[in-house]
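K.L.:
Residue numbers (the working numbering), protein chains in the order written: chain W, 706 to 1116; chain X, 706 to 1116.
Think of the CB as a built atom: it goes at the ideal place given N, C-alpha and C, for glycine as much as any other residue.
Below is a structure I'd like to ask you about.
Here it is, written out as structure tokens:
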């Protein structure tokens, strides 16, 4: 969590961190700006000091909402530097960088570069600035980065927000269930009042509106039916009519409007009735889900033990898995879960290969076993997002029910 | 445009380019994937060859829509490599990189790294991979990058899409004008049928729904009234009721749902009536707008000449500008315009300092003069997006009218 940043910097011997990038969604920047989505701008944090924010003078008013100390680029003479460089960014930026080092009195030592941005520009800039200012080499890391580590646990303020987003997301699941239920079938096809088929595109439009009414935004939900449900990341075809008795994998992972915290959950629905094959597969996935929960004992436990338990269960049932058959596209083809926060995928990873990750108080993680047989027109996944609370208990924030069969009551 | 990529690579002596990054919006990746938004994945293009796409096996079905040759990470032995490295990404990735070089038969020479991603990871990875595979150093650039240059001009397929997005955006402007007009005033406050004030939040919700109904998404529109309109990038306060006679800067820059091409346009509205000060300022901005258009002659002309003409006009009228007073937050405080495409801000830049940018056939650019006096509760901006067509003419794709006063007809 955020209070870990100084020790995490110390462990890496970083005298400062700089978070930069363009106008893109930039989770480390949003994190340090207390959730305020700045369009551009740079955060500078010296070890042991509060972070400060440098933005274009046009963004000053928005930036002030971050509660950080805010400077405009022109407070660091950008306009003059840029003019002196005759509008050549390539010349101007290194001079500006010198002003940053000076303004924040950065002592000699390594500076960690973070943020989401243009890889091309920053790979070259980091090299160039390290050469020009040899007292302050700019460094990156591979593997588990400083922010990966900080994001692993959430503080009380973050959990409060995550719970709100979870509740709203569950309201949308409920509204979507009811929306579909209000329709009727003609033969095996779900139809609207006027007899036109209800399509996946119709449902997604409904879902996006419901999200928006709650100040959430879709980030490319999955609503995949039949064979498509057999590919874990197939988004579903907008023009496909909803059919009775087909498995539908509905994976909803919205975030706060304009960038912010996510919720992540999946339900599998079968409209009207479920075939024997779908019901049997669903039962196994629900058993896998319960197996996962039962395998959890306490914080400190390696996360891979939970995936191991699920792999054991599936393999005993004769399903290929990514452990028994790496790269398989049938059976159980993905990891059991992952952290969620300002990013949809964070650490810890619930993978049999992630040997170093452990459960910790403050984790916010998904548990999402599935089974996929596209050649049988079949895919099932069930996913809740869980918080590990102060007592070390695993608490689901996805409160929506897990019924498989969605009965129609339209007439 | 896309057909320029090989010459642009040759000019930089790049034997290959690799576009990578995480799950973020990644415009170079989307560009090469023909607009398909892949969640993760790497594009590899050897000079003179078609690009190929490497994705997780779970994304194969979605990736196929790109029309590129698609490989899964496991086609390059990722699962085995990751297992051999005991789940340590830090060890696994460099081995995988060797497979990429082999699979695509990359000859000795520089590889350009592009894409939007985690700066921290790639700054270190680029260093490490260049060291391990010295025949293929990984390089970046500052200044005008390869993709900056490619994005400067749009091909016929892109213009077709940009026109569609423009038309839909104008439909939303029209719908929003009509939506506000359907209300009535109580005193100076715009109110709904039930007498509650119509707020900026209400208008933004309406706009987002209208965008969504047209498969567009908001990327943080500006709807700023009164003093807020005086800060070019103030988003506006959701709880603020709409007032008669206040300038409202409405800057709408949506993109295709899920990531894609943008449109960018601004109107300034004053509900019911305009004060003399607002009307006078508006007239000057409209004259500046016409001055900009009149200054355009033909492709090849430096873009700064257009900004120079507008600066001359404003300065003659006694307004401070970023040329006469760099860093000013009053008067004319920003550049005249910018390219638009898969990014909201691209080259060319219409700045008096961008001496190298020229107008070209295939440009898609904004022209957006404004005047800002926050201390007088005042800000005005008018913006259309223009295409430079095959005949070299500047054609506005923002067809919505430029009336200042929005009369209410609710009763």
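With DSSP run on the structure shown, which of helix, strand or coil describes residue 994 of chain W?
P.N.:
Looking at residue 994 of chain W - three-state DSSP - the assignment turns out to be helix.
K.L.:
Compare the beta carbon distance of residue 1038 of chain W and residue 1027 of chain W with 8 Å and say whether it is the shorter of the two.
P.N.:
Taking 8 Å as the Cβ cut-off, residue 1038 of chain W and residue 1027 of chain W qualify as a contacting pair.
K.L.:
Could you list the residues in the region 768 to 789 of chain X with a C-beta less than 7 Å from some C-beta on chain W, going in chain order?
P.N.:
The region 768 to 789 of chain X vs chain W, Cβ under 7 Å: 779, 784, 785, 787, 788.
K.L.:
Going by the CB atoms, is the gap between residue 885 of chain W and residue 870 of chain W shorter than 8 Å?
P.N.:
Not in contact: residue 870 of chain W and residue 885 of chain W (Cβ atoms no closer than 8 Å).
K.L.:
State the DSSP-derived secondary structure class of residue 1011 of chain W, mapped to helix, strand or coil.
P.N.:
Reduced to three states, the DSSP call for residue 1011 of chain W is helix.
K.L.:
By the three-class DSSP mapping on this structure, what secondary structure does residue 751 of chain X have?
P.N.:
It is a strand residue.
K.L.:
Using 10 angstroms around the beta-carbon of residue 733 of chain W, count the other beta-carbons present and answer buried if the total reaches 16, otherwise exposed.
P.N.:
Buried, since its Cβ has 16 or more Cβ neighbours within 10 Å.
K.L.:
Measuring CB atoms only, is the region 898 to 914 of chain W touching the region 1048 to 1061 of chain W, in the sense that at least three cross pairs come out at less than 8 Å?
P.N.:
Flag = no, the region 898 to 914 of chain W and the region 1048 to 1061 of chain W do not touch.
K.L.:
Just reading off the beta strand (DSSP E) that residue 1078 of chain W is part of, what are its end residues?
P.N.:
Note, residue 1078 of chain W: beta strand (DSSP E), 1075 to 1078.
K.L.:
Which residues, in chain order, does the region 957 to 969 of chain X contribute to contact with chain W at a C-beta distance below 7 Å?
P.N.:
Under the 7 Å Cβ criterion, the region 957 to 969 of chain X contributes 963.
K.L.:
In angstroms with no decimal places, state the Cα-to-Cα distance between residue 949 of chain W and residue 865 of chain W.
P.N.:
Rounded to the nearest angstrom, the two C-alpha atoms are 39 Å apart.
K.L.:
Verify the CB distance criterion: does residue 1034 of chain X have a CB-CB separation below 8 Å to chain W?
P.N.:
Cβ-Cβ to chain W under 8 Å: yes for residue 1034 of chain X.
K.L.:
Whose Cβ in chain W lies nearer than 9 Å to the Cβ of residue 833 of chain X?
P.N.:
Going along chain W in sequence order, the residues near residue 833 of chain X (Cβ under 9 Å) are 847.
K.L.:
Sorted by chain position, which residues of the same chain lie with C-beta nearer than 7 Å to residue 775 of chain W's C-beta, five sequence neighbours on each side aside?
P.N.:
These residues qualify, in order along the chain: 758, 760, 765, 768, 769.
K.L.:
Tell me the residue span of the beta strand (DSSP E) that contains residue 967 of chain W.
P.N.:
Unbroken run through residue 967 of chain W: none, as it is neither H nor E.
K.L.:
Taking residue 925 of chain X as the query, report the chain W residues whose CB atoms sit under 8 Å from its CB, ordered along the chain.
P.N.:
Under the 8 Å cutoff, chain W gives 742, 744, 963.
K.L.:
Look up residue 853 of chain X in the DSSP assignment and say whether it is helix, strand or coil.
P.N.:
Reduced to three states, the DSSP call for residue 853 of chain X is helix.
K.L.:
Use the C-beta contact count for residue 944 of chain X: other C-beta atoms within 10 angstroms, 16 or more gives buried, fewer gives exposed.
P.N.:
With fewer than 16 Cβ atoms within 10 Å of its Cβ, residue 944 of chain X is classed as exposed.
K.L.:
Note down, in chain order, every chain W residue with its Cβ under 7 Å from the Cβ of residue 1049 of chain X.
P.N.:
Near residue 1049 of chain X (Cβ distances below 7 Å), the residues of chain W are 728.
K.L.:
Can you check which of these residues, X/830, X/982, X/1025, is closest to residue 1034 of chain X by C-alpha distance?
P.N.:
Comparing Cα-Cα distances from residue 1034 of chain X to each of X/830, X/982, X/1025, the minimum goes to X/1025.
K.L.:
Counting only the same chain and skipping the five closest in sequence on each side, list residues whose C-beta sits under 6 Å from that of residue 750 of chain W.
P.N.:
Hits under 6 Å: 722, 756.
K.L.:
Tell me, to the nearest whole angstrom, how far the beta carbon of residue 713 of chain X is from that of residue 815 of chain X; I am working on the premise that it is less than 8 Å.
P.N.:
Not quite, the Cβ-Cβ distance comes to about 13 Å (not below 8 Å), so this is no contact.
K.L.:
Is there a C-beta anywhere in chain W that falls below 8 Å from the one on residue 1031 of chain X?
P.N.:
By this cut-off, residue 1031 of chain X is an interface position.
K.L.:
From the DSSP output, which residues share a beta bridge with residue 930 of chain W?
P.N.:
Partner(s): W/953.
K.L.:
For residue 1059 of chain X, which residues in chain W fall below 7 Å Cβ to Cβ?
P.N.:
Those are 792, listed as they occur along chain W.
K.L.:
Roughly how many angstroms lie between the CA atoms of residue 1051 of chain W and residue 860 of chain W, to the nearest whole one?
P.N.:
When rounded, the distance between both Cα atoms is 15 Å.
K.L.:
Of the choices X/1099, X/953, X/777, whose alpha-carbon is the least far from that of residue 1002 of chain X?
P.N.:
If we check each option's Cα against that of residue 1002 of chain X, X/1099 comes out closest.
K.L.:
Is the beta carbon of residue 678 of chain X sitting closer than 8 Å to the one on residue 983 of chain X?
P.N.:
The structure shown has nothing for residue 678 of chain X, since chain X only spans 706 to 1116.
K.L.:
Counting beta carbon pairs with one atom in the region 886 to 899 of chain X and one in the region 1067 to 1081 of chain X, are three or more of them shorter than 8 Å?
P.N.:
Segments in contact, no.
K.L.:
Check the Cβ-Cβ distances between residue 764 of chain W and every residue of chain X, and say whether any is below 8 Å.
P.N.:
Judged by the 8 Å Cβ criterion, residue 764 of chain W is in contact with chain X.
K.L.:
Is there a Cβ of chain W sitting closer than 8 Å to that of residue 1068 of chain X, yes or no?
P.N.:
Cβ-Cβ to chain W under 8 Å: no for residue 1068 of chain X.
K.L.:
My guess is that residue 1122 of chain W and residue 1085 of chain W are in contact by the Cβ rule of under 8 Å, so how many angstroms apart are they, rounded?
P.N.:
Past the edges of chain W, shown from 706 to 1116, lies residue 1122 of chain W, and the structure says nothing about it.
K.L.:
Taking only beta-carbon atoms, is residue 914 of chain X less than 8 Å away from chain W?
P.N.:
It does: the Cβ of residue 914 of chain X has a partner Cβ on chain W nearer than 8 Å.
K.L.:
In chain X, which residues lie less than 8 Å from residue 844 of chain W when you measure between Cβ atoms?
P.N.:
Within chain X, the residues near residue 844 of chain W are 828, 829.
K.L.:
Bridge partners for residue 1054 of chain X per DSSP, in chain order?
P.N.:
Answer is X/1043, bridged to residue 1054 of chain X.
K.L.:
At a Cβ cut of 9 Å, what residues of the region 935 to 957 of chain X count as close to chain W, listed as they run along the chain?
P.N.:
Residues passing the 9 Å Cβ filter: 936, 937, 938, 939, 940.
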